[in-house]
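**Student:** Structure in C-alpha cells, see below.
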Amino acid sequence: HLDLTVLNDYLNDWINLLEEEQAAIFGAGSPDAEDLMQMLPIAKQIVAALGELKGITTHTRNEGGVLRTSVHVRTGN
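Just add 15 to the spot in the sequence shown (first one is 1) and you have our numbering.
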C-alpha cells in the first residue's frame, strides 16, 4: 500500500517553506528564487490535483498457475 496523503503533505510543506524562506534559501534578490516563484503557482496546481489521489494498493496472487495482479487507486477529498 502506498499512502499518497503523506507525499502530498510533504510537497505542501516544501512549497510553504520555499515561499516563506526564499531569501534564506537562495539569497536576497536571487534570480533562481524569482524563477522558482514564477513556477510555484503551477507546482501548487499539480500538487492540488495529486491531492485527489489518496493511495494505491497492489495485490499479486497465483490463480491456477497464472500470476494475476490487481491495482486499486483510492481517490477522494
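Think of the CB as a built atom: it goes at the ideal place given N, C-alpha and C, for glycine as much as any other residue.
Only a predicted model underlies this, so the values are computations on that prediction, with no experimental measurement involved.
Across the region 60-80 and the region 37-52, are there enough close Cβ pairs to call them in contact, namely three or more that are closer than 8 Å?
**Tutor:** no
**Student:** Can you tell which of I30, I71, Q53 has its C-alpha closest to the C-alpha of G91?
**Tutor:** I71
**Student:** Name the DSSP beta bridge partners of H87, please?
**Tutor:** T72
**Student:** Quick check on E35: does DSSP put it in helix, strand or coil?
**Tutor:** helix
**Student:** To the nearest angstrom, report how far apart G44 and L19 are at their CA atoms.
**Tutor:** 35 Å
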